[in-house]
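Peer 1: Sequential numbering of the sequence shown, starting at 1362, is according to the working numbering.
Where is the CB? At the ideal position from N, CA and C, for every residue including glycine.
Please read these numbers as outputs of a predicted model, since none were measured by experiment.
My questions will all concern the structure given below.
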Amino acid sequence: MAQTIQELLATKPSGHSQQTQYIDTVEAYDKWAEVYDTDGNFLQRLDTIEMRTLLPQFIDRVSKRFQPSPLETESETETETKAIRPSLVDLGCGTGRNTIQLLSALNTANTATSFSVIGLDASRGMLDVARTATREYATKCAVQTDIELGILDLLQPDLSKTLLPSSLCELGAVGVISTLVLEHIPLERFFAAAAGITRSGAYLLVTNMHAEMGMRSQAGFTDERGVKVRPTSYCHAIPNVLDAAVQAGFAVEEVVGAGSDGVVVRGVDEELENVLGARAKKWVGVRVWFGVCFVKR
């Protein structure tokens, strides 16, 4: 069984005096939802920056492989047109931070009407925030992409299957993004769930905290009592992530900026520290983030 970061950190001396409370992951994100986008988490900021480069590549590949043909898009009714739109999924969408980036990237690529977007998360608190955020964005930017949000608990996927949109169950997604989610899920469960909602040839874009950071910290927030609240987290090394993906039927798809293993890795340097904010300062010289794109065989 994978060792949690809580167990890993418990074996090391700590100079922190702040009280820490470990709670169920879904409960933690329900509590975190209200301040998730505003509490200064530098890893989220870095992820947002990197997704601006990764998403266009992801959409380009999905579009070339799965964009509906002209004959398919000439349906007689609007209902029929919506029904045939291939699905893109934000798996663990949280507050909709990257769901909105996905919508924006689709619009920039002139493929906004070619796909539907589905945001899935286990936390109803996060989904409530995402629902408001995506609705406001869609209204402000006249978004033409169909958007749907729903429940999926990656730790209990079988119990969530009945709640999934029917189009996802019947056909499977043509593309999935999942950002800063893998930290909270055992690798085998994550990739099994991803494989379960994707069709053959679909693309899966994953980002996560790098193990160098995971050896020293994990996701969490300070609540109104001054207590550090942390969900369950795992320190996933990149080779283990790649192995688990292969076992689940995925292969690495090369992206711009990736190393020889197909993975994009980012550390914090002094220049990036100025962009990411004060909380990034202590991480200068440490690799904190990675991203990788897979294709389902």
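Going along the chain, which residues of its own chain have a beta-carbon closer than 6 Å to the beta-carbon of ALA1473, five neighbours each way excluded?
Peer 2: LEU1467, GLN1505 and THR1506
Peer 1: Please specify which runs of the beta strand (DSSP E), each continuous and at least 3 residues long, are wholly inside the segment 1534-1603, giving them in chain order.
Peer 2: 1534-1540, 1559-1570 and 1589-1591
Peer 1: Name, in chain order, the residues that DSSP records as bridge partners for ASP1451.
Peer 2: ASP1451 pairs with GLY1480 and ILE1538.
Peer 1: Mind checking which residues open and close the alpha helix (DSSP H) that includes VAL1636?
Peer 2: Counting along the chain, the alpha helix (DSSP H) containing VAL1636 begins and ends at 1631-1637.
Peer 1: With 16 as the cutoff for other CB atoms within 10 Å, does SER1477 come out buried or exposed?
Peer 2: buried
Peer 1: Taking the beta carbon of GLN1608 as the centre, do at least 16 other beta carbons fall within 10 Å, making it buried, or is it exposed?
Peer 2: Burial call: exposed.
Peer 1: Can you tell me whether GLU1661 is helix, strand or coil according to DSSP?
Peer 2: What is shown of the chain runs 1362 to 1658, which leaves residue 1661 out entirely.
Peer 1: Considering Cα atoms alone, identify which of ASP1514, GLU1497, ASP1421 and LYS1425 is closest to CYS1454.
Peer 2: ASP1514
Peer 1: Look up GLY1652 in the DSSP assignment and say whether it is helix, strand or coil.
Peer 2: In the three-state DSSP reduction, GLY1652 falls in the strand class (E or B).
Peer 1: Report yes or no: do three or more beta-carbon pairs, one from the segment 1527-1546 and one from the segment 1416-1430, lie closer than 8 Å?
Peer 2: yes
Peer 1: Is it the case that the Cβ atoms of ALA1494 and LEU1510 are separated by a distance below 7 Å?
Peer 2: Judged by their CB atoms, ALA1494 and LEU1510 are not nearer to each other than the 7 Å cut-off.
Peer 1: Count the other C-beta atoms from every protein chain shown that fall within 10 angstroms of the C-beta of ASP1408, then say buried if there are 16 or more, exposed otherwise.
Peer 2: buried
Peer 1: Looking at the strands, I want to know which residues DSSP matches up with PHE1611.
Peer 2: LYS1657
Peer 1: Using only alpha-carbon positions, find the residue among LEU1516, TYR1595 and SER1561 that is nearest to LEU1369.
Peer 2: For LEU1369, the closest of LEU1516, TYR1595 and SER1561 by C-alpha to C-alpha distance is TYR1595.
Peer 1: Please state whether the Cβ-Cβ distance between VAL1629 and ALA1641 is less than 7 Å.
Peer 2: yes
Peer 1: Assuming TYR1383 is part of the beta strand (DSSP E), what are its boundary residues?
Peer 2: 1381-1383
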